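A quick write-up on the structure given underneath.
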Amino acid sequence: MSTLLGIVAPPTSRKRLRWVADKLRKRLKWDEAWFPIMEVIETALGDIAPGFVFDVLDRGEMGLNHGLTLVQERRLILREDVYEGACNGQRRDRMTAAHELGHALLHADVALARRIDKEVKTYEDPEWQAKAFAGELLISSQHIGGCRDYRQAAETFGVSEDAARQQMRVFEKEGILLK
Ligand SMILES: [Zn+2]
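Note that numbering that gives the first Met the number 0 has the sequence shown beginning at 0, numbered continuously upward.
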């Protein structure tokens, strides 16, 4: 979410984010298209993002935030309804969970700085990085080949049609997926 707005992370390419996502899938020995994001957060978070704990807070505490990752406290938090949604396969909530996992993996051990003098480039924006990571993790380049269109991809990967469309555009641009 927007807690890191105006903050700059070390530059990271989409290629590297894909590498991190693929490495995580490999480490978990998970080679199916549909990624079990909540099982991973609930059972393996502290292993894959050392020292991190997972918390669920209610709306009163979270307000409009669907999820929050406090990198210094090493806490990944989901709002109660988002947590339940993600557990039940709600597509948008699964993506929120993957986004927060992205922050935990990418932003806990790097120097984040506040930038006021010049524009933050996309690839150094921690929000872009977490979002791109979530796309790469939930919509794997290894499995996209079997999908006819974004609707089928949304179904296969358990993500919103919007997210599937965006990720397929990335794969098309890179020639991983032919138009
Ligand atoms: Zn975020």
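Each residue gets a CB set at the ideal place from its N, CA and C atoms; glycine is no exception.
Here the structure is a predicted model, which means the values were calculated and not measured.
For residue i, I'd like the list of residues in its chain whose CB is within less than 8 Å of its CB, leaving aside the five on either flank, ordered along the chain.
{"i": "R26", "result": "I47"}
{"i": "K22", "result": "none"}
{"i": "R113", "result": "G5, I6, V7"}
{"i": "M37", "result": "Y82, A85, C86, R93, A96"}
Indicate the three-state DSSP secondary structure (helix, strand or coil) for residue i in the structure shown.
{"i": "L56", "result": "strand"}
{"i": "A179", "result": "Here the chain has residues from 0 to 178 only, and residue 179 is not among them."}
{"i": "D161", "result": "helix"}
{"i": "L69", "result": "strand"}
Leaving out five residues before and five after residue i in sequence, what residues of the same chain have Cβ atoms less than 7 Å from its Cβ?
{"i": "V158", "result": "R90, R93, M94, L137, I138"}
{"i": "W18", "result": "none"}
For residue i, collect the residues of the same chain with a Cβ closer than 6 Å to its Cβ; drop the 5 residues on either side in sequence, then sort them by chain order.
{"i": "T68", "result": "L75, E99, H102, A103"}
{"i": "H65", "result": "R78, V81, T95"}
{"i": "L56", "result": "I76"}
Report yes if the C-beta of residue i is less than 7 Å from at least one heavy atom of ligand 1; otherwise report no.
{"i": "E160", "result": "no"}
{"i": "E135", "result": "no"}
{"i": "I96", "result": "Residue identity check: residue 96 is Ala in the sequence provided, not Ile. No; taking the cut-off as 7 Å, the Cβ of A96 has no heavy atom of ligand 1 nearer than that."}
{"i": "G102", "result": "One detail in the question is off: residue 102 reads as His in this sequence, not Gly. Checking the Cβ of H102 against ligand 1 gives yes."}
{"i": "A129", "result": "yes"}
{"i": "E60", "result": "no"}
Assuming residue i contacts residue j under a Cβ cut-off of 8 Å, what Cβ separation, rounded to an integer in Å, is found between them?
{"i": "Q128", "j": "L111", "result": "Actually they are not in contact, since the Cβ atoms of Q128 and L111 sit about 11 Å apart, beyond 8 Å."}
{"i": "F170", "j": "W33", "result": "Contact doesn't hold; Cβ gap of about 17 Å is too wide."}
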